[in-house]
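Okay, so here's the structure we're looking at.
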Amino acid sequence: MNYIRSYWLPFAFLGTCVAAFLGMSWNMLEPRMSFPMGTKVMIVAAVAAAAISRVGGRSPTLLTIIVVGLAVPSGAFVSMLLGMLKDPTSGNLWPIAVVTLAVTALVASSVGTLLGSLLLLMSGGVSSGKN
Numbered sequence: 010m011n012y013i014r015s016y017w018l019p020f021a022f023l024g025t026c027v028a029a030f031l032g033m034s035w036n037m038l039e040p041r042m043s044f045p046m047g048t049k050v051m052i053v054a055a056v057a058a059a060a061i062s063r064v065g066g067r068s069p070t071l072l073t074i075i076v077v078g079l080a081v082p083s084g085a086f087v088s089m090l091l092g093m094l095k096d097p098t099s100g101n102l103w104p105i106a107v108v109t110l111a112v113t114a115l116v117a118s119s120v121g122t123l124l125g126s127l128l129l130l131m132s133g134g135v136s137s138g139k140n
């Protein structure tokens, strides 16, 4: 049972990275929106992955927040890097974008972890994450 639980957090990281990569690619196609749909996808993916990882794998709270929160800027950075390889002049503000996404994703993963912890608490599961 512990082996199954240990896979929830890496899968949450990979899933959120893929969602951030695709969301950032989507953002580059629609640069005129003030809050693009790709960013919304990244935030929803971070909240969902953190909550599912917390409930399904009972991963530690702080570790879930950090791992899922850092998955969004990681996936987005890969997308930005590929864009900069195609057009080197397009990525002059990538550090600001990565830091902004990191802060937003850490808040979103905190919300998801809180939701997952509340679901664990309501279902009678252990919410401390020390399993």
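Anchor point for the sequence shown: position 5 equals 14 in our numbering, and the numbering is continuous, going up by one each time.
Here a beta-carbon is modelled for each residue, glycine too, at the ideal position from N, C-alpha and C.
Inset, instruction - Could you have a look at Ser34 and say whether DSSP puts it in helix, strand or coil? - result: helix
Inset, instruction - Please determine if the segment 100-114 and the segment 57-69 are in contact, where contact requires at least 3 C-beta pairs separated by less than 8 Å. - result: With the cut-off at 8 Å, the segment 100-114 and the segment 57-69 do not touch.
Inset, instruction - Given a cut-off of 8 Å, decide if Gly32 and Val56 are closer than it, judged by their beta-carbon atoms. - result: no
Inset, instruction - Keeping to the same chain, check which residues put their C-beta closer than 8 Å to that of Val190; ignore five residues upstream and five downstream. - result: This structure cannot speak to residue 190, because the chain is shown only from 10 to 140.
Inset, instruction - Kindly indicate the opening and closing residues of the alpha helix (DSSP H) around Arg63. - result: Met46 to Gly66
Inset, instruction - Report the option in Ala28, Pro69, Ser43 and Gly66 whose CA atom is closest to the CA atom of Ser83. - result: Ala28
Inset, instruction - Please state whether DSSP places Gly24 in a helix, a strand or coil. - result: helix
Inset, instruction - Return yes when the Cβ of Phe22 is within less than 8 Å of the Cβ of Val77, no when it is not. - result: Between Val77 and Phe22, the CB-CB gap stays under 8 Å.
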